[in-house]
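Trainee: What follows is a structure written as structure tokens; I'll ask about it next.
2 protein chains.
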Amino acid sequence: MNNICEIKHSNEEAVLEVKSKMPDSEIIEKTAECFKILGDITRMKILVAISQRELCVCDLSALLRMSQSAISHQLRILRNTNLVRFRREGKSVYYSLADQHVLKLIEMGIEHAKE
Amino acid sequence: MNNICEIKHSNEEAVLEVKSKMPDSEIIEKTAECFKILGDITRMKILVAISQRELCVCDLSALLRMSQSAISHQLRILRNTNLVRFRREGKSVYYSLADQHVLKLIEMGIEHAKE
DNA sequence: TACTAATATGAACATTTGTTCATATGAACA
DNA sequence: TGTTCATATGAACAAATGTTCATATTAGTA
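Just so you know, the sequences run in chain order A and B.
Just so we're aligned, residue 0 is where the first sequence starts under numbering that gives the first Met the number 0, counting upward by one.
Just so we're aligned, residue 0 is where the second sequence starts under numbering that gives the first Met the number 0, counting upward by one.
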């Protein structure tokens, strides 16, 4: 057991109908991947912070009271998934949200959390 | 080093301004927690599937070609976080999305992933 | 060029997480 | 009541993840 054959009587019609309507597996995986990135407290705090105003790494480090290294690692992940944009100004690097779409996703999440 | 004091010159104004505008830490944590639940491929597939039509555990098991146990564990997590509702009908338990809000979140995520 | 500030990154480690395996619970039916 | 089907759940284990520590890179400045 412990494989698929353990299931005896699934409703084949329903399964086939849903299967035909499902988005591509690749899309679903990308969606989950995106939510996973949003699903970390440090990253979410960073995103909420820079949604208010562009901030540099050391601002974020001070704001969240976390090491520069920890912040920087998380920013890298946010960069790699195109959730933030950044620009260099002298020695500092300033981060902001990638676009309005990301902002809306976060706002919706906060809405839901407030309920 | 490796503590907050490593930061010498954060822009205090900016930090204080953002800090005053940040939602409660608890809200941010709940938001991240919600996204984290959405951030798993199996759970996302389940949610997308039942967004089309109510399905029972064995339907989901057949559809996703995963063990009943694995599906059931994930459904428990989705139940505990109020992302799905369920009803018993004889020996089967049918799952569907908790509400329109959850549907919209998922749809927005898919939108973003398609870009 | 040497030095310092700001940021980035690799390796290691502890923690979290998802699946499997085994078993329990709950409902229908003989 | 005993059996079977559908689902739920606890324990264990492997894989993924976030932080720390140490160090590298990049830019400004003496």
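Every residue, glycine too, gets a C-beta built ideally from N, C-alpha and C.
Bear in mind that the values here come from a model prediction, so they are computed numbers and not experimental data.
Between the segment 25-42 of chain A and the segment 36-46 of chain B, do at least 3 Cβ pairs fall closer than 8 Å?
Mentor: Touching, yes.
Trainee: Determine the closest residue to Lys20 (chain A) out of B:Ile49, B:Ile105, B:Ala13 and B:His8, with distance taken between C-alpha atoms.
Mentor: The residue you call residue 20 (chain A) lines up with position 21 of the first sequence. Looking at the Cα atoms, B:Ile49 is the closest of the given residues.
Trainee: Rounding to the nearest angstrom, what Cα-Cα distance links Asn81 (chain A) and Cys57 (chain A) in this structure?
Mentor: Numbered from its first residue, the first sequence carries residue 81 (chain A) at position 82. Numbered from its first residue, the first sequence carries residue 57 (chain A) at position 58. The straight-line gap from Cα to Cα measures roughly 21 Å.
Trainee: Ser24 (chain A) by DSSP, collapsed to three states: which one?
Mentor: On the first sequence, position 25 is the one that residue 24 (chain A) refers to. If DSSP states are grouped into helix, strand and coil, Ser24 (chain A) belongs with the helices.
Trainee: Under 8 Å, CB to CB, which of the residues in the segment 84-108 of chain B have a partner in chain A?
Mentor: Listed by position, the residues of the segment 84-108 of chain B near chain A (Cβ gap below 8 Å) are His100, Val101, Lys103, Leu104, Ile105, Met107 and Gly108.
Trainee: Which bits of chain A does Arg52 (chain B) rub up against, with CB to CB less than 7 Å?
Mentor: Position 53 of the second sequence, counted from the start, is the residue given in the question as residue 52 (chain B). Near Arg52 (chain B) (Cβ distances below 7 Å), the residues of chain A are Ala13, Glu16 and Val17.
Trainee: Report the three-state DSSP secondary structure of Ser91 (chain B) (helix, strand or coil).
Mentor: Looking up residue 91 (chain B) in the second sequence gives position 92. It is a strand residue.
Trainee: Residues of chain B with a CB under 9 Å from the CB of Leu77 (chain A): which are they?
Mentor: Counting from 1 along the first sequence, the entry for residue 77 (chain A) is found at position 78. In chain order: nothing, as chain B lies at least about 13 Å away.
Trainee: Write down the C-beta distance between Arg87 (chain B) and Ala97 (chain B) rounded to the nearest angstrom, noting that I regard them as a contact closer than 8 Å.
Mentor: As a working mapping, residue 87 (chain B) is identified with position 88 in the second sequence. As a working mapping, residue 97 (chain B) is identified with position 98 in the second sequence. Contact flag wrong, Cβ pair sits at about 17 Å.
Trainee: Measure from the alpha carbon of Ala69 (chain A) to the alpha carbon of each residue in A:Lys18, A:Ile45 and A:Glu53, then state which is nearest.
Mentor: Start at 1 with the first residue of the first sequence, and residue 69 (chain A) comes out as number 70. Selected option, being the one with the closest Cα: A:Ile45.
Trainee: Could one say the Cβ of Leu74 (chain B) lies closer than 8 Å to chain A's Cβ atoms, at least one of them?
Mentor: What you label residue 74 (chain B) is simply residue 75 of the second sequence in a count that begins at 1. Not one chain A Cβ lies under 8 Å of Leu74 (chain B).
Trainee: Please confirm whether Ser91 (chain A) and Cys55 (chain A) have their CB atoms less than 8 Å apart.
Mentor: Counting from 1 along the first sequence, the entry for residue 91 (chain A) is found at position 92. Counting from 1 along the first sequence, the entry for residue 55 (chain A) is found at position 56. Cβ atoms of Ser91 (chain A) and Cys55 (chain A): closer than 8 Å.
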